[in-house]
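Asker: The sequence shown: position 29 = 29 (the UniProt record's numbering), numbered continuously. Glycine included, C-beta positions come from ideal geometry on N, C-alpha and C.
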Amino acid sequence: MKIQVLFGTESGNAEMAAEDIAASVRDGGQEVEIHDLSDFSISELQHDPVYVFICSTYGEGDLPNTALPFFADLSIVGPDLSGMRYAIFGLGDTFYTETYSQGATKLDDKLRALGAERIGEFGRYDASTWEPVGEKAVEWFSGVLTELAVH
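1) Look at the alpha carbon of leucine 6 and the alpha carbon of alanine 22, and state the distance between them as a whole number of angstroms.
2) Thinking C-alpha only, which one of Gln46, Ile54, Gly28 is nearest isoleucine 34?
3) Assuming serine 64 and threonine 9 form a contact by the criterion Cβ under 8 Å, report the distance between their Cβ atoms to the nearest whole angstrom.
4) Would you identify the three-state DSSP class for glycine 143, choosing helix, strand or coil?
5) Where do the N-terminal and C-terminal ends of the alpha helix (DSSP H) with glutamate 19 fall, by residue?
6) Quick one: residues in its chain with C-beta nearer than 7 Å to the C-beta of lysine 2, no 5 flanking neighbours on either side, listed in chain order?
7) DSSP state of leucine 63, grouped into three classes?
8) Please state whether DSSP places alanine 149 in a helix, a strand or coil.
9) Could you tell me whether the segment 105-120 touches the segment 78-87, where touching means 3 or more Cβ pairs closer than 8 Å?
10) From the DSSP output, in three-state form, read off aspartate 36 for me.
11) Smallest Cα separation from tyrosine 125: which of Phe70, Leu37, Leu91?
12) Whose C-alpha, out of Glu121, Ser128, Gly120, is nearest the C-alpha of threonine 94?
13) Starting from the C-beta of phenylalanine 40, find all residues in its chain whose C-beta is less than 7 Å away, skip the five residues before and the five after it, and write them out in chain order.
14) To the nearest whole angstrom, what separates the beta carbons of alanine 87 and arginine 118, a pair I think is in contact under 8 Å?
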């Protein structure tokens with residue numbers, strides 16, 4: 001099974017989480033690629049790999065700037081993503097209760113509206129806990145891998 005980890009980040013935390021997940025996948029002997037969403041086109045989406053989206057929240061609950069072109073293309077083109085499987089992990093801070101993890105929530109809503117199937121639980125990281133983001137992401141992703149083994 002091929003896994004593609006795609007991240008959208010403003011300060012680098014989502015990239016760190018993505019790199020840690022990719023390293024854990026490699027350590028498990030599986031094929032993995034990692035891409036910044038700013039360098040990934042919706043035309044590259046396929047049905048074969050499992051996509052892992054790592055997305056922070058910026059400003060008033062928005063997606064980070066690096067994810068905006070990808071999200072805009074999803075909205076404008078509206079590709080049929082039926083058959084595409086993905087997992088999603090959102091970063092935020094519960095101090096901002098109304099906007100906590102909203103960047104990833106918006107991306108998740110869009111992917112599902114276009115027919116993609118989410119695998120596993122929606123992962124969330126709360127920056128106010130001061131836990132290492134990578135450890136939390138890898139812990140969450142182990143649950144996603146368990147879910148994938150069942151499907």
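Answerer: Judging by the given coordinates:
1) As a working mapping, residue 6 is identified with position 6 in the sequence shown. As a working mapping, residue 22 is identified with position 22 in the sequence shown. Roughly 10 Å separates the two Cα atoms.
2) Counting from one through the sequence shown, the residue named residue 34 turns up at place 34. Answer by Cα proximity: Ile54.
3) The residue labelled residue 64 in the question sits at position 64 within the sequence shown. The residue labelled residue 9 in the question sits at position 9 within the sequence shown. Residue identity differs from the one stated: residue 64 is proline in this sequence, not serine. Contact holds; Cβ gap of about 5 Å.
4) Position 143 of the sequence shown holds residue 143. Glycine 143 falls in the helix class under three-state DSSP.
5) Here residue 19 refers to the residue found at position 19 of the sequence shown. Residue range 13-27 is occupied by the alpha helix (DSSP H) that includes glutamate 19.
6) Here residue 2 refers to the residue found at position 2 when the sequence shown is read from its first residue. Cβ within range, chain order: Glu31, Asp48, Pro49.
7) If you number the sequence shown from 1, residue 63 lands on position 63. In the structure shown, leucine 63 sits in coil (DSSP, three-state: anything other than H, G, I, E or B).
8) Position 149 of the sequence shown, counting from 1, holds the residue named residue 149. Of the three classes helix, strand and coil, the one that applies to alanine 149 here is helix, per DSSP.
9) Judged by Cβ distances under 8 Å, the segment 105-120 makes contact with the segment 78-87, as three or more pairs qualify.
10) Mapped onto the sequence shown, residue 36 falls at position 36. Shown here, aspartate 36 sits in a strand according to DSSP, grouped into three states.
11) The residue labelled residue 125 in the question sits at position 125 within the sequence shown. The shortest Cα separation from tyrosine 125 among Phe70, Leu37, Leu91 belongs to Leu91.
12) If you number the sequence shown from 1, residue 94 lands on position 94. Distances from the alpha-carbon of threonine 94 to those of Glu121, Ser128, Gly120 put Ser128 closest.
13) Within the sequence shown, residue 40 is the residue found at index 40, counting from 1. Leu6, Phe70, listed in sequence order.
14) On the sequence shown, position 87 is the one that residue 87 refers to. On the sequence shown, position 118 is the one that residue 118 refers to. Right, the Cβ-Cβ distance comes to about 7 Å (below 8 Å), so this counts as a contact.
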